[in-house]
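Accompanying notes for the structure given below.
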Amino acid sequence: MSFRISPVWWPVVAVASPVIAPWLLVRNRRFQENRTRAAERNRERIDRAESLEIPTLDFLELTVLVEWKAEKGFIGDAGVSYLFRTNLGSMLFDVGFGTTRPALTHNAAKLGFTLDQVESLTISHLHSDHMGGIPAQRSRQVAVPDELMSSELKPCFLPDRAEAKGFKAKLVKEPQLLTAGIASTGPLARSLFLFGYTEEQALLARVKDKGLVVFTGCGHPTVEVILEMAGRLSNEPLYAIGGGLHFPVTGGRGNRAGIQFQTVLGTGKPPWQRITDEDLSRTIATINGAGPRKVYLSGHDTCDRALDRLEKELEAKTEVLNAGATYRL
Ligand SMILES: [Zn+2]
Ligand SMILES: [Zn+2]
518 MSFRISPVWW PVVAVASPVI APWLLVRNRR FQENRTRAAE RNRERIDRAE
568 SLEIPTLDFL ELTVLVEWKA EKGFIGDAGV SYLFRTNLGS MLFDVGFGTT
618 RPALTHNAAK LGFTLDQVES LTISHLHSDH MGGIPAQRSR QVAVPDELMS
668 SELKPCFLPD RAEAKGFKAK LVKEPQLLTA GIASTGPLAR SLFLFGYTEE
718 QALLARVKDK GLVVFTGCGH PTVEVILEMA GRLSNEPLYA IGGGLHFPVT
768 GGRGNRAGIQ FQTVLGTGKP PWQRITDEDL SRTIATINGA GPRKVYLSGH
818 DTCDRALDRL EKELEAKTEV LNAGATYRL
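Each residue of the sequence shown is one higher than the one before, counting from 518 in the working numbering.
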């Protein structure tokens, strides 16, 4: 088990503790309040949700623009950008770190992708690895590289208030059909210690002769909550789950200056608690209980050891998504 904050920083932490400790206490109070609020909101939303008219697709195909693991010639990064194509159209889901890192622009150019090829952009949640980088998160402005932009104004479906220059920003307030025959669960909340109250939407699609497909961004609301909502919106048997599950158990991606940011920042726990193997065991049991036939794992927010465990212990046929690869879902 590695240190989440390198021992190099410990003297600094010790000296700064008279400032850090009260800040942590205040923050923790807000974190606990948000936790209650998120649980109540999710309960309300799930209880209120009614079956959604989701069209049956002849096919659903995913091409991965950005992921941690990558095919030869593609750049891997700790962000997410997925291109979904169906017989009813296509949609881009998230834009990774946007222009602030080379993966999206490089990989999109290699695949010949621009937003001219899709009807809409959907952003899972307002974090830097999904909405276009740290400045994008700070300013709540989705940031898409110019090279990818379309001259047409297309909708950008958002789970929470934000701007999206060059798009028609559309706030998704509840479960609804988006474009290409793909639906949104609507926003589902999670309290995160440093990022605060966070809303995230997941995608739902129905594929002919297969069943329901559920795709997440980071999966912050937890797979338990997302699957419960999916079950309210469709009684179709679950066929596949894909995307981020957020399990940086032994370490995070994109560590900087000896700090494993993912293990500290977005876990749904206070920074003095880790995500544990027991947490992962619970999620594995939930997924096995839901009984999908396929699972497509994201490596962008889940460590290699957690990916290994998921691949071994999930009963579904499980694979890790690779940037540059195309999957027929
Ligand atoms: Zn993420
Ligand atoms: Zn996130």
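For every residue, glycine included, the Cβ atom is placed at its ideal position computed from N, Cα and C.
Quantities reported herein were computed from a predicted structural model and do not represent experimental measurements.
Asked                                                                                             : Found
Contact between the region 532-549 and the region 560-580 (3+ Cβ pairs under 8 Å)                 : no
Rounded Cβ spacing between L721 and A747 (contact assumed at less than 8 Å)                       : 6 Å
Distance cut-off 7 Å: G735 Cβ against heavy atoms of ligand 2                                     : Residue 735 is actually Cys in this sequence, not Gly. Result yes, Cβ under 7 Å from ligand 2.
Whole-angstrom distance between E716 and H737, CA atom to CA atom                                 : 8 Å
N604 (DSSP reduced to helix, strand or coil)                                                      : coil
Rounded separation between E550 and L709 - CA only                                                : 11 Å
Any non-hydrogen atom of ligand 3 closer than 7 Å to H644 Cβ                                      : In terms of ligand content, the structure shown lacks ligand 3 and carries ligand 1 and ligand 2 instead.
Secondary structure, alpha helix (DSSP H): runs of 4+ residues fully inside the region 700-753    : 740-750
For E578, the first and last residue of its enclosing beta strand (DSSP E)                        : 577-583
Among R799, D821, V731, nearest to P765 - alpha-carbon criterion                                  : D821
Residues that S598 bridges to, as DSSP identifies them                                            : V583
Whether P676 touches I758 by CB criterion (8 Å)                                                   : no
For K829, the nearest candidate out of L695, V812, R547, A840 (CA to CA)                          : V812
The region 676-689 / the region 607-625 touching (three or more Cβ pairs under 8 Å)               : no
Three-state class that DSSP yields for V659 in the structure shown                                : strand
Cβ-Cβ separation, S637 to E695 (assumed contact under 8 Å), whole Å                               : Position check: residue 695 holds Leu in this sequence, whereas Glu was assumed. That belief holds up - the Cβ atoms of L695 and S637 are roughly 6 Å apart, short of 8 Å.
Supposed close pair L762, A807 - CB separation, criterion 8 Å                                     : About 13 Å separates the two Cβ atoms, so there is no contact after all.
Distance cut-off 7 Å: V689 Cβ against heavy atoms of ligand 1                                     : no
Inter-residue spacing [alpha-carbon to alpha-carbon] between K725 and P692                        : 21 Å
Contact test: V766 Cβ vs ligand 1 heavy atom, cutoff 7 Å                                          : no
S637: first and last residue of the uninterrupted beta strand (DSSP E) it sits in                 : 637-639
For A757: DSSP bridge partner residues                                                            : V730, K811
DSSP-derived helix/strand/coil call for H763                                                      : coil
Beta-ladder partner(s) of A686, from DSSP                                                         : C673
E550, enclosing alpha helix (DSSP H) - first and last residue                                     : 527-565
Close beta carbons around A706, own chain, < 7 Å, minus the five adjacent residues each side      : A555, R558, N559, Y714, T715, E716, P738
Those residues which DSSP pairs with E836 across a bridge                                         : Y813
Beta strand (DSSP E) segment containing R845, residue limits                                      : 843-845
Close Cβ partners of D611 (< 7 Å) along its chain, the five nearest in sequence each way excluded : V597, S598, Y599, I640, S641, H647, G734
For S751 and I571, believed in contact at Cβ under 8 Å, the rounded distance                      : 6 Å
R826 - containing alpha helix (DSSP H), residue span                                              : 821-830
Local conformation of I522 per DSSP, three classes                                                : strand
Sub-8 Å separation of V730 and L831 beta-carbons                                                  : no
Host alpha helix (DSSP H) of M648 (start-end)                                                     : 645-648
Status (buried if at least 16 other CB within 10 Å, exposed otherwise) for E584                   : buried
Residues near E664 in its chain [Cβ-Cβ closer than 8 Å; skip 5 each side]                         : T622, A625, A626, T631
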